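Undergrad: Here's a structure for you.
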Amino acid sequence: MALPEQPHTDTSFAAAAREARATLRAQRSAFLANATATSLLEAMPAPAFVLNRRRQIVAANARALEWVGAAVPEALIGSRMGEALSCVHAEERSHGCGTTRSCRSCGALRAVLDGLAGRAGVARDCRLITNRQADGGALDLRVWATPIAIEQHELVVVGLEDRGDARRRLALERTMFDHVLATCRELHELAHGLRAEDLDVTREGSRRRELRRLTSLAVDQIEGQRQLLAAERGTLAPRIEDVDLAWLLEDAVSALENRADLAGRAVVLECPRGLSLRTDPDVLGRVVGLLLANALEATPEGGGVSLTGECEGGFATIAIRNEGEIPEPVQEQIFQRSFSTSGDAGRGLGTYAARLLVERGLGGRLAFVSSERTGTVFAIVLPRQAAPPLAA
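Using the working numbering, read the sequence shown as starting at 383 and increasing by one per residue.
Here it is, written out as structure tokens:
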């Protein structure tokens with residue numbers, strides 16, 4: 383089977399050209415006329431597509447149609463997989479799926495290209511950021527591709543295994559257990575020091591304050607996981623109230639002051655007093671805390687992070703900046719669920735959670751830029767009058 387054409391100037395990765403409608407109809411008719419091929423496609427236990435050498439969908443089984451919400455197969459014919467799955471990058475360029483810079487790290491596209499090159503049974507992992515509400519805005523897939531020839535048509539069968547639920551549960555469990563367990567250990571040590579025979583009345587006040595801090599932290603960590611699950615399900619109901627932006631940012635900085643792993647790193651806060659917006663302070667504070675912690679973790683000891691807040695017109699913007707640059711391959715996957723630069727399975731919820739909470743809980747958007755010249759800046763942009771969150 384021949385390799386697809388090399389990229390042209392209208393693409394940043396895979397070939398942009400598509401087949402004419404007449405050719406698509408001929409390819410689809412040839413496939414559907416082959417009873418063995420169609421039976422095997424429907425017998426596959428997972429969603430599966432048949433693509434032509436231009437990576438366009440020629441056929442799909444019933445599980446694939448149900449998964450992407452297509453009422454009839456004709457709704458998908460001629461589309462590419464990223465378009466059918468509502469990948470956010472499929473809309474970035476006029477020629478669609480496969481042609482953006484981000485597509486270079488797409489496991490699904492790599493599997494398809496392997497199949498078109500004649501390599502059978504190739505399987506690759508793929509993480510997608512999507513515009514779909516039903517999947518929580520992200521997909522974790524195992525994708526395999528096998529080339530087939532029907533009459534004179536070179537096709538590839540692509541199967542998809544959704545690993546999202548298992549990976550999401552693993553990520554949530556590990557994150558929650560690690561954080562809450564660490565807090566409970568501190569509580570245990572504090573309780574041990576409060577034994578009657580060891581009680582020092584001169585330290586009673588500080589111990590009470592520490593006890594309140596640790597119990598509040600444990601509750602906050604559990605509430606954070608509850609909010610994330612609700613945001614994924616589309617059931618997060620924000621509690622809207624007037625918020626003083628400077629006070630909220632100061633609280634976010636204070637909440638990280640006792641983290642030993644962030645010691646020796648400074649936060650420079652710039653936000654005028656008197657800036658207000660109507661939003662959910664708990665959700666916004668959690669997002670700022672997640673992004674601020676990420677920035678501090680990426681900053682060497684002795685370095686610093688800037689945190690700024692401003693309002694202009696009907697919008698409030700919060701920016702978190704550190705000096706480091708995120709490598710380009712990581713940038714392309716930064717908001718994907720369970721992606722981690724450490725390679726530790728089940729990690730990587732920080733930026734994914736922040737994006738989901740901003741979009742679904744606060745009606746705003748989260749963006750970032752990263753380069754050697756600018757460093758890394760994450761910007762939260764919110765309406766000053768709370769907008770309705772995205773519906774599920």
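A virtual CB, placed ideally from N, CA and C, is assigned to each residue, including glycine.
These numbers were taken from a predicted model, which means no experiment stands behind them.
May I ask you to report which of helix, strand or coil DSSP gives alanine 363?
TA: Nothing about residue 363 can be reported from this structure: the residues present for the chain run from 383 to 774 only.
Undergrad: Grab me the residues of leucine 659's own chain with a C-beta within less than 6 Å of its C-beta, minus the 5 sequence neighbours each way, in chain order.
TA: Taken in chain order, the residues that qualify are Val625, Ala698 and Arg766.
Undergrad: Which whole-angstrom value describes the C-beta separation of glycine 616 and arginine 747, a residue pair presumed to lie in contact below a C-beta threshold of 8 Å?
TA: Not really, about 17 Å apart at Cβ, beyond 8 Å.
Undergrad: Which of the three DSSP states is assigned to aspartate 392 in this structure?
TA: Reduced to three states, the DSSP call for aspartate 392 is coil.
Undergrad: Between glutamate 754 and the ligand MG, is there a pair consisting of the residue's CB and a ligand heavy atom that are separated by less than 7 Å?
TA: As presented, the structure is devoid of all ligands, the ligand MG included, so that no description of it is given.
Undergrad: Leaving out the 5 sequence neighbours to the left and right, which residues in its chain are closer than 7 Å to isoleucine 532 when beta-carbon positions are compared?
TA: Same-chain partners within the cutoff: Ala412, Phe413, Asn416 and Ala419.
Undergrad: Considering Cα atoms alone, identify which of Leu495, Gly500 and Arg514 is closest to arginine 506.
TA: Comparing Cα-Cα distances from arginine 506 to each of Leu495, Gly500 and Arg514, the minimum goes to Leu495.
Undergrad: Between which two residues does the beta strand (DSSP E) carrying leucine 537 extend?
TA: Run containing leucine 537: 535 to 544, per the beta strand (DSSP E) assignment.
Undergrad: Reducing DSSP to helix, strand and coil, say where aspartate 643 ends up.
TA: DSSP places aspartate 643 in helix when its eight states are reduced to three.
Undergrad: Measuring alpha carbon to alpha carbon, tell me which residue in Ala677, Arg445, Ser421 and Ile439 is nearest glutamate 785.
TA: Since the displayed the chain opens at 383 and closes at 774, residue 785 lies outside it and no answer follows.
Undergrad: Measuring only the C-alpha atoms, how far is glutamate 614 from isoleucine 530?
TA: Each residue's Cα considered, the two are about 38 Å apart.
Undergrad: Alpha carbon to alpha carbon, how far is leucine 678 from glycine 684? Give it in angstroms, no decimals.
TA: Computed Cα separation, rounded: 11 Å.
Undergrad: Enumerate in chain order the residues of its own chain whose CB-to-CB distance from glutamate 754 is below 8 Å, with the five nearest sequence positions on each side excluded.
TA: So the qualifying residues of the chain are Glu707.
Undergrad: Can you check whether the CB of valine 470 is closer than 8 Å to the CB of threonine 512?
TA: Yes, the Cβ-Cβ distance between threonine 512 and valine 470 is below 8 Å.
Undergrad: Would you mind sorting aspartate 392 into buried or exposed? The rule is 16 or more other CB atoms within 10 Å of its CB.
TA: By the neighbour-count rule (16 or more Cβ atoms within 10 Å), aspartate 392 is not buried but exposed.
Undergrad: Indicate whether the contact test is met: 3 or more Cβ pairs, each with one atom in the stretch 483 to 500 and one in the stretch 397 to 404, closer than 8 Å.
TA: Contact between the stretch 483 to 500 and the stretch 397 to 404 is absent, because fewer than three Cβ pairs lie under 8 Å.
Undergrad: Contact defined as beta carbons within less than 8 Å: I believe glutamate 465 pairs with asparagine 443. What is the distance between those atoms, to the nearest angstrom?
TA: Not confirmed; about 18 Å, so no contact.
Undergrad: Can you give me the C-alpha to C-alpha distance between phenylalanine 717 and proline 709, rounded to a whole angstrom?
TA: About 14 Å.
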